[in-house]
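FYI, this note's numbering numbers position 175 of the sequence shown as 414, with every residue one higher than the one before it.
Only one structure is covered here, and it is reproduced in the block below.
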Amino acid sequence: MSWTRDEARKKVGHRFVCVSRAYKLPFVDELTSESKSDSAQCVGPSAVRKEVSLFGLSERELAARGVGASVFARIQRPWLWSEGGPRWSARYDERLRGLRALVPDLEETHSSTDGATKVVVRLGDDRVEAVHMPRDVGSGRVTLCVSSQVGCAMGCTFCATARMGFGRHLSAGEIVAQVLAVIATLGPRHPGQLTLVFMGMGEPLHNLPEVARAITVLCEPRGLGLSPRRITVSTSGLVPEIDALAKLETRPLLAVSLNATTDETRNQLMPIGRRYPLSELRAALTRYPLRARERITLEYVLLAGVNDTADDAERLAAFGALFSHQINLIPWNAHAGADFRAPTEAELDRFARALLARTRAVITVRRSRGSDVGAACGQLVRARTLKGSQPSNK
Ligand code: SAH
Ligand code: SF4
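Listed below in structure tokens is the structure:
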């Protein structure tokens, strides 16, 4: 790639990896009634499991059970754990009885030559993936890509996770425990060095109540204490949930997977486009209330010969004209059975240059991290399934 620094800020990010009037998506209300949420007793009527996860409870909710802030900290701060999990004085055992305190098993870790580690996280009979990506060498900073669902219901044709179909929502407790278990093993030790991205398996806005609860708990100052400005939720474009996200008290950053610039192409790639066409998505992003210096990230997976023309660059630039944004170009990460082609360096370069000429937005290119270990979220668990190992999503 021959760009100068001024032409584009090429950011070595991780390969984030990762329905309609005619095509019926099992939408949120239908799905939540099936949801096996284990914190549902705390957040809504969708409980199937009776158990509540300790990891999904806020400091206030624990206090209501007569358990103080120091125990909350012992649960949420993995550097205070011992023997692989949180410990507390025996006098709290009775008050915490019945809460599920199981730390998920990191069943497989695959270290890539580029420093990224792909982790298969076991949650009961299910498996999801997380990717741990140290940033600059020596900085200690880490980006952690986490999953919000087992599989995904959105059916995007270029995505490995889509091929698993929808398994279930993760509960807030499972999402929090996923984060804590990975950083307990791989770091960072200081939460200020952690950036969290919901770009693993699943559509986080399809599971918004649990994702929102998880973010709230992860941001509690006496817990891990993350800043919501260091958490990014990536969505395929669920318009009502984007509006709902805007109203959260603890609100993360928003990324939207655009991936096409005409409804025709987008509908072929992302069935959700048939329910929320580009005009509705753009209207939602235009009314989204951004905070000072906040920008929406538009993600654009480049598929050679599909969405990479100069006209696409023109329309992509125009799409974001009314809201503050940055554009993240993602060369498609090939996986078995998908009928697409990854762009060559020259094709990527051509598209990026065409875009640079038409927008003042910051453009980054998301480089694949951990591609030698099946980096695309969904690829590792799926490879296991295809090999005949235990299916992960059913
Ligand atoms: N469901 C959410 C978040 C998970 S997918 C969403 O779609 O935004 C995270 C990102 O990975 C999305 O931008 C998606 O377009 C991208 N992605 C999925 N499969 C990919 C692949 N094979 N190669 C490159 N990017 C991919
Ligand atoms: Fe994959 Fe995201 Fe589409 Fe789901 S919404 S199928 S995770 S790209």
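Quick reminder that beta carbons are idealized off the backbone N, C-alpha and C, glycines included.
The nearest non-hydrogen atom of the ligand SAH is 8 Å or more from the C-beta of Thr500. The beta-carbon separation of Val358 and Ala369, rounded to 5 Å, stays under the 8 Å limit for a contact. Rounded to the nearest angstrom, the gap between the Cα atoms of Asp364 and Ala573 is 28 Å. Within the same chain, Pro430, Leu433, Leu435, Leu457 and Cys458 come within 7 Å of Leu465 by CB-CB distance, once the 5 residues on both sides are set aside.
Looking from the CA of Leu493, the closest CA among Ser563, Ala399 and Tyr331 belongs to Ser563. For Ala401, the Cβ falls inside the 8 Å cut-off from some heavy atom of the ligand SF4. In the three-state scheme derived from DSSP, where H, G and I count as helix and E and B as strand, Val436 is classed as strand.
Considered as a whole, the region 344-382 harbours 344-350, 356-362 and 365-373 as its complete beta strand (DSSP E) runs of no fewer than 3 residues, in chain order. For Ala593, the uninterrupted alpha helix (DSSP H) run begins and ends at Glu584 to Leu595, by DSSP.
In this structure, the ligand SAH has a non-hydrogen atom nearer than 8 Å to the beta-carbon of His574. Taking each of Pro460, Gln315 and Glu346 in turn and checking the Cα distance to Ala411, the smallest one comes out for Gln315.
In the three-state reduction of the DSSP assignment, Ala302 falls in the helix class, which pools H, G and I.
Of the candidates Ile602, Ala591 and Met509, Ile602 places its Cα closest to the Cα of Arg534. Cβ-Cβ distances below 7 Å link Ser475 to Met393, Cys395, Glu442, Ser496, Met509 and Ile511 in the same chain, with the five nearest sequence neighbours on each side left out; the list follows chain order. According to DSSP, Gly324 shares a beta bridge with Ser321. Taking 8 Å as the upper bound for CB-CB distance, Arg505 and Leu517 are in contact here, some 6 Å apart. Gln507 and Tyr515 have their C-alpha atoms roughly 13 Å apart.
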